[in-house]
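Just so we're aligned: 258 in UniProt numbering is position 258 of the sequence shown, and the numbers increase by one with no gaps anywhere.
Note that CB positions come from ideal geometry on N, CA and C, so glycine has one too.
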Amino acid sequence: MVLTFRTPAASRLPSLTGLRFLAAMLVFLYHGSLMKIVVFNPFADAQWATAYNHLFNAGGRVGVSFFFVLSGFVLTWSARSTDTTSAFLRRRLLKIYPNHIVTWAVAMMLLVAPGTRPAVWLPNLLLLHAWVPEDDILRGVNAVSWSLCSELLFYMLFPLILPAVQRIRAARLWWWAAATVAALLAAQGLITLLTPDAPVAPGWPLPELRFWLAYFFPPLRLFEFVLGMLMARILMTGQWIRLGLLPAFLFMAAGYAAARVVPFQYSLNAVTIVPIALLITAVAATDVADAPTLLASRPMVWLGEVSFAFYMVHLEVLYGTQALLHGQTFATPMALGVIASEFGTALLLAWMLYALVERPIMRRWAGNARPRTARALVSRADDGSRA
């Protein structure tokens with residue numbers, strides 16, 4: 001089936017690339033502040049340790065939700081007019097699997113106990129572990145890779161969802177975006193009603209099954225991905241409300257603050273999905289308008305380009321630091337130095353992974369295959385006004 005698509009006036013979104021690193025940094029700071037189950041927080045001073053944890057305790061959840069919305073936005077924005085489903089899927093698999101396999105192998109050598117059963121490490125290798133509601137499988141090997149299970153589902157469904165999103169009339173896109181947010185809120189409410197209150201997930205204020213469904217289960221993260229697709233269409237079809245960068249960032253800050261005080265389940269994505277979607281679209285709109293931003297500066301774009309690799313290596317760096325320092329905590333100046341060294345090490349390793357694995361593989365094997373019109377994922381044409 002041949003689909004329709006309007007090519008954006010500006011295909012590159014450098015400010016969004018820069019923004020991507022800020023989201024990855026939030027995840028890094030969240031993990032670095034942990035004080036339960038695994039302790040990465042390096043502060044000996046209880047007030048500093050608590051402040052660090054409280055400031056970034058929503059960072060991981062916000063960062064991951066940002067990546068899911070961003071995926072839907074960018075894939076819709078950059079969908080190629082002569083692309084095929086097979087070429088699209090090849091590019092996406094080549095984007096995530098090489099980095100995943102390298103970091104999986106490192107974690108297997110350094111972090112996973114010898115003799116660990118295949119039921120723990122094999123689902124992680126195949127990016128199936130987020131589908132299993134067992135903590136040792138879900139968080140086994142390189143724990144951050146759970147989000148790639150959702151990304152993989154998004155990629156598989158994108159060629160099926162895109163035609164439906166493109167058929168929505170431009171004037172109705174905001175209504176569909178609102179309906180997607182409402183569906184996410186309803187899903188969280190149903191999860192609360194339909195799941196038992198015990199057993200409680202160790203170290204978390206939610207029952208195990210409820211936590212898995214509300215946060216890790218890939219199909220229930222589709223709402224964020226689809227919202228990102230809709231926001232891209234809103235911008236592409238001229239329906240954007242022209243929200244400025246400052247209001248968008250302030251709204252995002254308010255959403256982040258709310259995520260720190262609302263009941264935990266609703267901090268997972270319910271109170272932040274709208275601010276995230278508006279921020280992503282506002283930042284993209286500045287690129288479309290060719291307006292200069294700090295996010296589009298060369299250093300920020302470079303950081304954004306290595307952000308996926310940074311995300312994949314940072315937890316291994318934190319575990320490595322914990323092992324080298326034997327779990328010690330430090331006076332405040334030294335603790336700040338530990339955080340800075342962890343960041344620098346993760347960034348260096350991310351650059352190496354990007355330069356030696358991710359970028360060469362994408363350049364070598366992720367190029368366009370010869371398009372076949374009958375199997376095209378998208379084709380040029382309308383302005384989004386149909387049906």
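Review point. To which residues does DSSP link residue 292 through a beta bridge?
Key: Answer is none; residue 292 lacks a bridge partner.
| field | Contact set for residue 366: own chain, Cβ-Cβ below 8 Å, skip 5 residues either direction | value | Only residues of its own chain outside the window of five on either side were considered, and among them 90, 91, 94, 95 have a CB closer than 8 Å to the CB of residue 366, listed in chain order.
Residue 177 and residue 101 look like a contact to me (Cβ under 8 Å); what is the Cβ gap, rounded to whole Å? 36 Å between Cβ atoms; not a contact.
**Request:** With a threshold of 16 other CB atoms inside 10 Å of the CB of residue 374, please say whether the residue is buried or exposed.
**Result:** In this prediction, residue 374 has a pLDDT of 35, which is less than 50 and means its spatial position is unreliable; nothing more can be read from the coordinates.
For residue 352 and residue 122, what's the separation of their Cα atoms in angstroms? 26 Å
What's the C-alpha gap between residue 80 and residue 244? 28 Å
- residue 212: which of 129, 141, 165, 35 sits nearest, CA to CA? 129
Decide yes or no for the touch test of the region 333-349 against the region 54-65: beta carbon pairs closer than 8 Å, at least 3 of them. no
Could you give the C-beta distance for residue 315 and residue 31, rounded to a whole number, given that I count them as a contact under 8 Å?
6 Å
With a Cβ-Cβ cutoff of 9 Å, do residue 257 and residue 184 count as a contact? no
| said: If I measure Cβ to Cβ from residue 147 and keep anything under 6 Å in the same chain, skipping five residues before and after, which residues do I get? | reply: 64
- Message: By the three-class DSSP mapping on this structure, what secondary structure does residue 200 have?
- Response: In the structure shown, residue 200 falls within a strand segment according to DSSP collapsed to helix, strand and coil.
Next on the checklist: Just verifying my parser: in three-state terms, what is the DSSP assignment at residue 40?
Outcome noted: coil
Subject >> Residues near residue 17 by beta carbon distance below 6 Å, same chain, minus five either side >> reply: 301, 304
* Can you pull the DSSP bridge partners for residue 330? -> DSSP output for residue 330 lists 43 as bridge partner(s).
Practice problem: Could you tell me the distance, in whole angstroms, from the CA atom of residue 140 to the CA atom of residue 124? | Solution: 7 Å
- Query: Could you give the residue range of the alpha helix (DSSP H) that holds residue 146?
  - Reply: In the DSSP assignment, residue 146 falls within the unbroken alpha helix (DSSP H) covering 146-167.
- request: For the alpha helix (DSSP H) containing residue 210, list its first residue and its last residue.
  value: 208-211
Three-way DSSP call (helix, strand, coil) for residue 272 in this model: coil
Q) Taking buried to mean at least 16 other C-beta atoms within 10 Å of its own C-beta, is residue 337 buried or exposed? A) exposed
Report task. Report yes if the CB atom of residue 202 is closer than 9 Å to the CB atom of residue 37, and no otherwise. Result -> yes
Exercise for review: Out of 333, 275, 134, point me to the one whose CA is closest to residue 200's CA.
Suggested key: Of the candidates 333, 275, 134, the one whose C-alpha sits nearest the C-alpha of residue 200 is 134.
My output table needs one value for residue 73: the three-state DSSP class, helix, strand or coil.
It is helical.
Practice task
Give the C-beta separation of residue 132 and residue 138 to the nearest angstrom, bearing in mind that I take them to be a contact with Cβ-Cβ under 8 Å.
Solution key: Yes, residue 132 and residue 138 are in contact; Cβ-Cβ is about 6 Å, under 8 Å.
Between the C-alpha atoms of residue 364 and residue 99, what's the straight-line distance to the nearest angstrom? 15 Å
- prompt: Among 60, 61, 342, 35, which one has its Cα closest to the Cα of residue 50?
  reply: Comparing Cα positions, the closest option is 35.
Notebook entry, point to check: Among 319, 275, 260, which residue has its Cα nearest to the Cα of residue 227?
Noted result: 275
Tell whether a beta-carbon distance below 9 Å holds between residue 280 and residue 19.
-> yes
I'd like to know whether the C-beta atoms of residue 225 and residue 69 end up nearer to each other than 9 Å. Inclusion of residue 225 and residue 69 in the CB contact set at 9 Å is warranted, their separation being smaller than that value.
message: Can you list, in chain order, the residues of its chain with a C-beta nearer than 6 Å to that of residue 150? Leave out the 5 residues immediately preceding and following it.
response: Once the five neighbours on either side are set aside, the close Cβ partners of residue 150 are 218, 221.
| Mapping DSSP to helix, strand and coil, what is residue 222? | helix
Are the CB atoms of residue 59 and residue 33 within a distance shorter than 9 Å? yes
> So, using beta-carbon positions, are residue 165 and residue 108 closer together than 9 Å?
Replying inline: no
| request: Could you pull the start and end residues of the alpha helix (DSSP H) that residue 124 belongs to? | output: Residues 118-125.
> Would you say residue 319 and residue 111 are within 9 Å of each other, going by their C-beta atoms?
Replying inline: yes
How many Å lie between residue 14 and residue 78 at the Cα? Approximately 13 Å, taken between the alpha carbons.
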